Amino acid sequence: MGKVYYLSKNVVIGLLVLTTISLATIIGLSIAYDKEKSKDRDKPGGGAPDSTTTMHTTMPTPGSIQKEPWDLYRLPDSLVPVFYNVTLWPRLKSNADGLFIFTGHSSVVFKCVKETDLIIIHCNKLNLTNLYGHHAYLRGLGEAAAPPIRKAWLVVKTEYLAIQLGSPLAVGASYELHTAFQGELADDLEGFYRSEYFEDGVKKVVAVSQMEATYARKAFPCFDEPAMKAIFYVTIIHDRTTVALSNGREIDTTNDVIDGVPVRLTAFEGTQRMSTYLLAFIVCDFVYIQSTQNNSLLVRIWARRKAIDDGHGDYALSVTGPILHFYEHYYNVAYPLSKSDQIALPDFNAGAMENWGLVTYRETALLYDPILSSTGNKQRIIAIISHELAHMWFGNLVTMKWWNDLWLNEGFASYVEYLGADYAEPTWNIKDQIILYDVHKGFAVDALASSHPLSRREEEVNDSAQISGMFNVISYSKGAAVLRMLSEFLTEPVFAKGLSSYLITFAFENTVYTDLWDHLQQAVENTPDIRIPDTVHNIMNHWTLQMGFPLVTIDTRTGCVTQNHFLLDPDAVVDRPSEFNYTWIVPIKWMKTGVEQEQYWLLHKTDINSGMRVSGEEWLLANTNVSGYFRVNYDPSNWDRLLSLLNTNHKALSVMNRAQIIDDAFNLARGKIINTTLALKTTKYLSKERDYIPWETALRNFDFYILMFDRSEVYGSLQAYLRKQIQPLFEHFKTITANWTKVPAGHTDQYNQITAVGLACSMGVEGCRVLIESWYRQWMEDPQRNPIHPNLKSTVYCSAIAFGGVEEWDFAWMMFKNATLASEASKLRAAMACTKIPWLLNRYLEYTVDPTKIRKQDTTSTIQHVAQNVVGLPLAWKFVRERWSYIFQQYGKGSFSVSNLISGITKRFSTEFELHELKKFKEDNLYLGFGSATGTLEQAIETTTANFKWVKENKAHVLAWLTEESA
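Sequential numbering of the sequence shown, starting at 125, is according to our numbering.
Right under this line is the structure:
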């Protein structure tokens, strides 16, 4: 239950007046201010400014060592917001200067909880209207008198509006701060921005918000920290031909004329008590489809009219109700709002954003065409919807106190998205795929010495770039993997019981991670059958307060079990101390010769478990179904028995464990723990494998070999070996699809068909190239009829363009420009980076910085696509180095854009020269900085160093083994 603020009768009346004022125009606001000014002049300490003070737009920081409050990135704890009234008027047509702007006014009612004569509130890139000689106007509520404003100034570095008062605010009293402002409705994809698209040849403009993590301050002055929760009353002024949306339902719509412009004023119900980063407002001419759930909850899907008319929102609407129903029962907490809007936007930097009651998506993440979209598009949509709706409770209802605990939001949603999606699509076995998309993904980054703990110290996360840097693989994927492990050893019912108690206790409040441990511990203590070796706190603190994960080594000859901090580069220096000395309390599920055993807990660095001894034909497998977040190594004899099992009866192991054996072995080999040929031997059985998860895991690991060796003589032997392994799978799908005329029935079989065709073509399997080229040629001859099945489009487009020339590329560009379905455009955009013609790739790179050709949201991912091409890598790397200033200025604060760009471009780096260039790139651009990609750049340097050493030590062995096996 949220905090209750007890106000006097006079204050309550004042609040009602404020609500009325929030519906007025900006001109009306000035009149109201004049009336209030004349009224307050008669009050002692009224809000009128001191006549001797002047307007300040900057204020130098004193030269003393002690920093002033406005120089600190965290707000003082002296003021607590109660509610806001925000009125905004975005202009969807440019002004005489060619700029799109928005104007607005807002008021925030706050309570003083500690004596202070200073108001600090976030404000960034807003031109504040002069109110009585100052940037703001303050008045007291109830019996409180507002001190006079002595100075008001903007602090650019910390993004504050600072207000120095003539005397202190009264502790316990409430005040109201008014501001009026103008901002640019830019195309920077953050704060309050504009998105543009064409429909029937007419350019349309959408005004849309993206507040996470620190962009609400670009829309209106606010206390822009997650713990500063408040209620928001929003009014939007907009053209009468458009519709306005916000977090709450519309409660009033009136027409008016302002400055001779006919407008509509749409007012929304007050939100629940929530953080500023969850606020949303949109002005557009979109339409919607809707359904009403059993509890009268209104569910709407919004998109461009054509997309809705063509049925592209139907799938999202069909799964939203079931997913919300699942979460209500899973959390045992009713959905806390009156409606659930979801909207597909032409321009959106993230995949989606969990604004409470108004979730925003890229079009590719919400819109599904049953004719043109692929199975992969469909799964992406349900996974993202499930992720965002999970946040309605975990993140929105209960929110982390500060961004250092972002994993509480994102790791949790990344885990339970599989549960929600599985409920809505139970035949897909989607829960198994968490090892591909999160567990293995988390391992890859967390095995670096430059990783970081899930929960960082607050002082490590201060400015906007550091906050954005928290939106990374550790927070999302490791967070998901660790919470899944916790759920596994507690059991799902106990885990869900603890979550429900946590959400009910802290509804509308903020928490730290230990609060979650408290409630899970209570659930354990109230469930007699659950036994764990220590408290939830002590177990989980090992996993959240230190980076990395353990390698568990089992010697089946002696039963000796040990754990060590696993590092991809064993020579890397870990300079981050750990209070647990890099040991973990490890829950190990295991089996012996196919029989599940009782869960074993490794509590120390070394232990003896006599039950883990095996002999003769017996074999042991630990971490069944990859339930734990750790890797496993064995003695050589047990490795031999597992390899023999794979080659003779691979189905004796689950698909997840077959994948695990491959992934563990390849990574142990990269870490110099086992030899490389042992890792390669785990793939010999693949010619008999027909399941997706093991094949996908193997290909991801072979992708590393391709990246390391596709510029050397090893690549020919690697192609020959993979051609030998993929041929049977290619023939298998050719048979069951009646010579490629049907679609496999199983969900993951459809994925594996894509694997078979893609790898077969790139490795030179006979008949594959002819098949690809014939499909693409048929499409080129009749552009209105595409014979390529949606599932295979990405693979076919890329391969055909790689095999072809200028004609094939230009055709793809024409179809890309004409595409009306975002997912189709996305496939073509990626495929055009596959050409082997350098000048085409260079031209394409130039297109990425021209928003009339490539949307701004797609710039960095398009450059990454080019870099994935062995021909395109040096071109993309040169392009990024030459334009780093532009790229950083445009995308440097984005949570993923620049980070993904750095990691994507450097994946193939493995030479001493490339390592030198990467370090020089860092040195040359220190003056600019790297923003949210700072940590990613360090990881890239570390990874490149490890790659260089690995190639030097393993190249000859890999070549010899591949040559022998492919003969």
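Don't be surprised by glycine CBs; every beta carbon is placed ideally from N, CA and C.
Small disclaimer: the values here were computed from a predicted structure and weren't measured.
Residue i, DSSP secondary structure in three states
{"i": "Trp-667", "result": "helix"}
{"i": "Ala-869", "result": "coil"}
{"i": "Asn-371", "result": "coil"}
{"i": "Glu-120", "result": "Since the displayed the chain opens at 125 and closes at 1091, residue 120 lies outside it and no answer follows."}
{"i": "Ile-896", "result": "helix"}
{"i": "Ala-276", "result": "strand"}
{"i": "Tyr-826", "result": "Reading the sequence as shown, one finds Phe at residue 826 and not Tyr. Correct three-state label for Phe-826: helix."}
{"i": "His-774", "result": "helix"}
{"i": "Trp-1001", "result": "helix"}
{"i": "Thr-390", "result": "strand"}
{"i": "Thr-986", "result": "helix"}
{"i": "Asp-642", "result": "helix"}
{"i": "Met-715", "result": "strand"}
{"i": "His-453", "result": "helix"}
{"i": "Met-516", "result": "coil"}
Cβ neighbour criterion (16 or more within 10 Å) applied to residue i
{"i": "Asp-465", "result": "buried"}
{"i": "Leu-952", "result": "buried"}
{"i": "Glu-741", "result": "exposed"}
{"i": "Asp-562", "result": "buried"}
{"i": "Thr-748", "result": "buried"}
{"i": "Phe-1072", "result": "buried"}
{"i": "Asp-312", "result": "buried"}
{"i": "Thr-185", "result": "Note that Thr-185 scores 45 on pLDDT, short of 50, meaning its location in the model is unreliable; the coordinates nonetheless yield the value given after this. Exposed: under 16 other Cβ atoms inside 10 Å."}
{"i": "Met-736", "result": "buried"}
{"i": "Ile-425", "result": "buried"}
{"i": "His-453", "result": "exposed"}
{"i": "Arg-967", "result": "exposed"}
{"i": "His-362", "result": "buried"}
First through last residue of the beta strand (DSSP E) which encompasses residue i
{"i": "Asn-634", "result": "633 to 635"}
{"i": "Trp-1172", "result": "No answer is possible for residue 1172: it lies beyond the span of the chain, which begins at 125 and ends at 1091."}
{"i": "Tyr-492", "result": "Where Tyr-492 is concerned, there is no enclosing beta strand (DSSP E), given that its DSSP letter is neither H nor E."}
{"i": "Glu-323", "result": "315 to 323"}
{"i": "Lys-463", "result": "463 to 469"}
{"i": "Gly-264", "result": "261 to 264"}
Rounded separation between residue i and residue j - CA only
{"i": "Phe-226", "j": "Thr-983", "result": "26 Å"}
{"i": "Gln-988", "j": "Glu-320", "result": "24 Å"}
{"i": "Tyr-157", "j": "Phe-347", "result": "Because the pLDDT at Tyr-157 is just 35, under 50, the model does not fix this residue reliably, and the value given afterwards should be weighed accordingly. Rounded to the nearest angstrom, the two C-alpha atoms are 23 Å apart."}
{"i": "Asp-529", "j": "Tyr-600", "result": "11 Å"}
{"i": "Gly-315", "j": "Ala-474", "result": "13 Å"}
{"i": "Ala-1091", "j": "Tyr-845", "result": "8 Å"}
{"i": "Ser-462", "j": "Leu-203", "result": "30 Å"}
{"i": "Leu-823", "j": "Leu-543", "result": "26 Å"}
{"i": "Thr-861", "j": "Trp-899", "result": "16 Å"}
{"i": "Glu-192", "j": "Val-237", "result": "20 Å"}
{"i": "Val-585", "j": "Val-1022", "result": "18 Å"}
{"i": "Glu-970", "j": "Tyr-1010", "result": "13 Å"}
{"i": "Lys-812", "j": "Ser-768", "result": "13 Å"}
{"i": "Phe-927", "j": "Ala-943", "result": "23 Å"}
{"i": "Ala-468", "j": "Leu-250", "result": "27 Å"}
{"i": "Asp-438", "j": "Met-335", "result": "28 Å"}
{"i": "Lys-805", "j": "Asp-764", "result": "10 Å"}
{"i": "Leu-309", "j": "Val-381", "result": "22 Å"}
{"i": "Leu-578", "j": "Arg-504", "result": "25 Å"}
Boundaries (first-last residue) of the alpha helix (DSSP H) holding residue i
{"i": "Phe-1072", "result": "1058 to 1089"}
{"i": "Ile-786", "result": "779 to 794"}
{"i": "Glu-1041", "result": "1036 to 1048"}
{"i": "Glu-616", "result": "616 to 629"}
With three or more C-beta pairs closer than 8 Å as the rule, is the region 273 to 293 touching the region 217 to 224? no
Would you check if the region 404 to 422 and the region 328 to 335 touch, i.e. whether three or more CB-CB distances between them fall below 8 Å? yes
So does the region 357 to 373 actually touch the region 386 to 398, counting three or more Cβ pairs closer than 8 Å? Of all C-beta pairs linking the region 357 to 373 to the region 386 to 398, three or more are shorter than 8 Å, placing the two stretches in contact.
Is the region 581 to 595 close to the region 1047 to 1065, with three or more CB pairs under 8 Å? yes
Any 3 or more C-beta pairs closer than 8 Å across the region 608 to 619 and the region 566 to 580: The region 608 to 619, when compared against the region 566 to 580, does not touch it at the 8 Å Cβ threshold.
Hey, is the region 702 to 721 in contact with the region 635 to 654, meaning 3+ C-beta pairs nearer than 8 Å? With a cut-off of 8 Å, the region 635 to 654 and the region 702 to 721 do not count as touching, because too few Cβ pairs lie within range.
If contact is defined by three or more beta carbon pairs under 8 Å, each pair taking one atom from either stretch, is the region 487 to 505 in contact with the region 913 to 924? yes
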